[in-house]
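Engineer: Handing you this structure, nothing more for now.
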């Protein structure tokens with residue numbers, strides 16, 4: 001089933017990421033970590049559907065999406081970046097395989113962090129965030145989505161990794177997330193691991209985790 005929803009507000013999150021708040025259809029419900037297929041309700045774009053994860057909670061009065069805008073080519077997100085309050089999305093029913101399976105380690109690459117946002121917000125609201133760690137890889141400090149919120153929610157269990165060798169900042173770890181880095185950061189492989197990022201990132205993280213002793217059944221990712 002499809003729903004047409006209007007934009008209520010737009011906020012800048014980083015230099016290339018925006019937060020969009022939409023009206024919520026009556027009776028529409030989802031669980032933290034789920035996404036929907038969405039398209040722009042404008043001529044020529046209605047059938048260009050893309051998956052976007054809900055960053056709001058089900059009990060919130062509005063729907064929220066945090067979306068990275070790619071301005072370097074005339075694709076869907078470039079068009080989304082030009083939208084204004086009152087413009088509309090067409091969204092489908094919720095779907096998704098990234099759901100909370102208990103305390104664990106979250107490995108996110110760039111905008112791949114979005115399925116984890118609602119999960120963390122939900123656990124934080126319930127007072128059940130203890131035992132969860134986020135290892136978040138970005139190129140530079142200006143690319144880190146919701147850094148302050150993650151620091152507030154997770155404290156020392158928020159690990160920010162910058163891959164740009166020129167990146168500076170005492171709260172950051174320089175370099176790529178590789179097998180040695182994971183071995184340093186993780187001392188328990190008998191827990192869930194949640195992985196989301198670009199395809200190559202996902203493939204590498206799964207490979208490293210399995211080599212380090214994680215059970216395949218404990219890996220949670222978008223299939």
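Numbering (the UniProt record's numbering), first residue to last: 1 to 223. Beta carbons are placed, not taken as given, at the ideal position from N, Cα and C, and that holds for glycine.
#1: Based on the DSSP output, what are the partners of residue 68 in its beta bridges?
#2: Given a threshold of 16 other Cβ atoms within 10 Å of its Cβ, counted over all protein chains shown, does residue 205 qualify as buried or as exposed?
#3: Just to confirm, are residue 24 and residue 83 a CB contact at a threshold of 8 Å?
#4: Any idea which residues DSSP pairs residue 51 with across the strands?
#5: With C-beta atoms as the reference, is residue 90 less than 8 Å away from residue 18?
#6: Can you give me the Cβ contacts of residue 88 inside the same chain, cut-off strictly under 6 Å, excluding the 5 residues immediately before and after it?
#7: Looking only at C-alpha atoms, which of 159, 127, 152 and 124 sits nearest to residue 138?
#8: How big is the Cα-Cα spacing for residue 51 and residue 31?
#9: Classify residue 102 as helix, strand or coil using the three-state DSSP reduction.
#10: With H, G and I counted as helix, E and B as strand and the rest as coil, what does DSSP make of residue 112?
#11: Kindly indicate the opening and closing residues of the alpha helix (DSSP H) around residue 150.
#12: Counting only the same chain and skipping the five closest in sequence on each side, list residues whose C-beta sits under 7 Å from that of residue 15.
#13: Going by CA-CA distance only, name the one from 53, 48 and 2 that's closest to residue 21.
#14: In angstroms, rounded to a whole number, what distance separates the CA positions of residue 75 and residue 37?
#15: Looking only at C-alpha atoms, which of 47, 113, 177 and 81 sits nearest to residue 221?
#16: Apart from the five residues on each side of it in sequence, which residues of its chain come closer than 8 Å, Cβ to Cβ, to residue 125?
#17: I think residue 55 touches residue 135, with their Cβ atoms under 8 Å apart; what is that distance to the nearest whole Å?
#18: Would you identify the three-state DSSP class for residue 159, choosing helix, strand or coil?
#19: Please report the straight-line C-alpha distance between residue 93 and residue 27, rounded to a whole angstrom.
Structural biologist: For this structure:
#1: Answer is 17, bridged to residue 68.
#2: buried
#3: no
#4: 37
#5: In this structure, residue 18 does not lie closer than 8 Å to residue 90 by Cβ.
#6: 4, 6 and 41
#7: 159
#8: 15 Å
#9: DSSP places residue 102 in coil when its eight states are reduced to three.
#10: helix
#11: 147-154
#12: The beta carbon of residue 15 sits closer than 7 Å to the beta carbons of 142 from its chain, once the five residues preceding and following it are set aside; these are given in chain order.
#13: 53
#14: So the alpha carbons of these two residues sit roughly 15 Å apart.
#15: 113
#16: 57
#17: Their Cβ separation, rounded to whole angstroms, is 19 Å, which puts residue 55 and residue 135 out of contact at 8 Å.
#18: Residue 159 falls in the strand class under three-state DSSP.
#19: 11 Å
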